[in-house]
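Here this note's numbering is used: the first residue of the sequence shown is 436, the next is one more, and so on. A virtual CB, placed ideally from N, CA and C, is assigned to each residue, including glycine. Computed from a predicted structure; not experimentally measured. Let me begin by presenting the structure, written as structure tokens, before commenting on it.
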Amino acid sequence: MFFSRMREDIRTVFDKDPAARSLPEVLFCYPGLHALWSHYLAHFLWNYRLRFLARFTSHISRFSTGIEIHPGAKIGRRFFIDHGAGVVIGETTEIGNDVLIYQGVVLGGTSLSKGKRHPTVGDNVVIGTGAVALGAITIGDEARIGSGSVVVKSVPAGATVVGVPGRVTEDHTAESLVLEHGKLPDPVAEAIRLVLREQDKLEERLQEVESAVGVTVPGDESREEREEIAREFSQGGGI
Numbered sequence: 436m437f438f439s440r441m442r443e444d445i446r447t448v449f450d451k452d453p454a455a456r457s458l459p460e461v462l463f464c465y466p467g468l469h470a471l472w473s474h475y476l477a478h479f480l481w482n483y484r485l486r487f488l489a490r491f492t493s494h495i496s497r498f499s500t501g502i503e504i505h506p507g508a509k510i511g512r513r514f515f516i517d518h519g520a521g522v523v524i525g526e527t528t529e530i531g532n533d534v535l536i537y538q539g540v541v542l543g544g545t546s547l548s549k550g551k552r553h554p555t556v557g558d559n560v561v562i563g564t565g566a567v568a569l570g571a572i573t574i575g576d577e578a579r580i581g582s583g584s585v586v587v588k589s590v591p592a593g594a595t596v597v598g599v600p601g602r603v604t605e606d607h608t609a610e611s612l613v614l615e616h617g618k619l620p621d622p623v624a625e626a627i628r629l630v631l632r633e634q635d636k637l638e639e640r641l642q643e644v645e646s647a648v649g650v651t652v653p654g655d656e657s658r659e660e661r662e663e664i665a666r667e668f669s670q671g672g673g674i
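Here is the structure:
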């Protein structure tokens, strides 16, 4: 059964990383895979209450892979850590099947209690680079967490979360594990675009009133600076 699980993990790498080209490359050059296999041993020792050996196994894996997975964490099938450097997965974390996470992801705790204090991640979840999920929250099935997001509240199934703190921006139903970072919505940029649009409308109305009463006002010195900000937040689109 263990070797069957290892074969499944190797297939998962090929399925989720287009850079994987050969079996030797996957076996020797994927720290996420090495960390996962080390965790199998550490978790086995942890369940048999060989706690020091479990922690020591995890500690060695951390030094060799740059990935820290507590031996108490529960991880489902076909889990893949892409690149992996800086990933931290806490003791009471529970991860479902077909989950994909990128480098720098932290699934951490916010409590000193001995009970459940780390996230529960559902099936088919994608967590982007540098994202942080804290506390005994639940990230629902097929949710997507954008790069650099900080998630401190539970996320409904099928939602996309971005920002600090993380905000749900849209629902999706597509069964895809590809997190297109450049296409994720940005609620902060959208709010700024809205304010700038409303300001332009107010200025147009004010100019109409001034023209009607014959009032002459000096030019807007900040106009160019505001237009430059608008171009930056438009990201190639119209404001």
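Problem set entry | Contact set for S546: own chain, Cβ-Cβ below 6 Å, skip 5 residues either direction | R552
For this session: Note down the Cα distance separating R379 from T604, rounded to an integer number of angstroms.
Result: As displayed, the chain neither begins before 436 nor continues past 674, which places residue 379 out of reach and without an answer.
Exercise. Using 8 Å as the threshold, is the stretch 509-525 in touch with the stretch 481-494, meaning 3 or more CB pairs across them?
Worked result: no
For this session: Under 8 Å by Cβ, that's how I've got V596 and V586 pegged, so tell me the actual separation to the nearest angstrom.
Result: 6 Å
Problem set entry | Cβ-Cβ distance between W472 and D444 below 9 Å | yes
Exercise. Could you give the distance in angstroms between the alpha-carbon of D517 and the alpha-carbon of S584?
Worked result: 17 Å
Exercise. For W503, which of F479, V540, L485 has the nearest alpha-carbon?
Worked result: The sequence given here places Glu at residue 503; Trp does not occur at that position. Among F479, V540, L485, the Cα nearest to that of E503 is on V540.
For this session: Can you give me the start and stop residues for the beta strand (DSSP E) that F515 sits inside?
Result: 515-517
Problem set entry | Near the ligand ZN: I574 beta-carbon under 8 Å from a heavy atom | The ligand ZN is not among the ligands present in this structure, which contains no ligands whatsoever.
Problem set entry | Residue-chain proximity (T447, chain C), Cβ-Cβ < 9 Å | Chain labels in this structure do not include chain C; a single protein chain is all it has.
Exercise. Quick one: what's E633 bridged to in DSSP?
Worked result: Answer is none; E633 lacks a bridge partner.
Problem set entry | Distance, V650 Cα to Q538 Cα | 59 Å
Problem set entry | Entirely enclosed alpha helix (DSSP H) segments - the stretch 455-493, minimum 4 residues | 458-464, 466-482
For this session: State the Cα-Cα distance for the pair G672 and L637, rounded to the nearest angstrom.
Result: At G672, the pLDDT of 46 sits below 50, so the modelled position is not reliable; the number obtained from the coordinates is stated separately. Those two C-alpha atoms are separated by around 22 Å.
Exercise. Which value, in whole angstroms, describes the spacing of the CA atoms of S439 and R446?
Worked result: 11 Å
Problem set entry | D450 versus E460: straight-line alpha-carbon distance, rounded | 14 Å
For this session: Indicate whether V534 and V556 have their beta-carbon atoms separated by less than 9 Å.
Result: yes
Problem set entry | Other residues of its chain near G467: CB distance less than 6 Å, five sequence neighbours each side excluded | I516, G519
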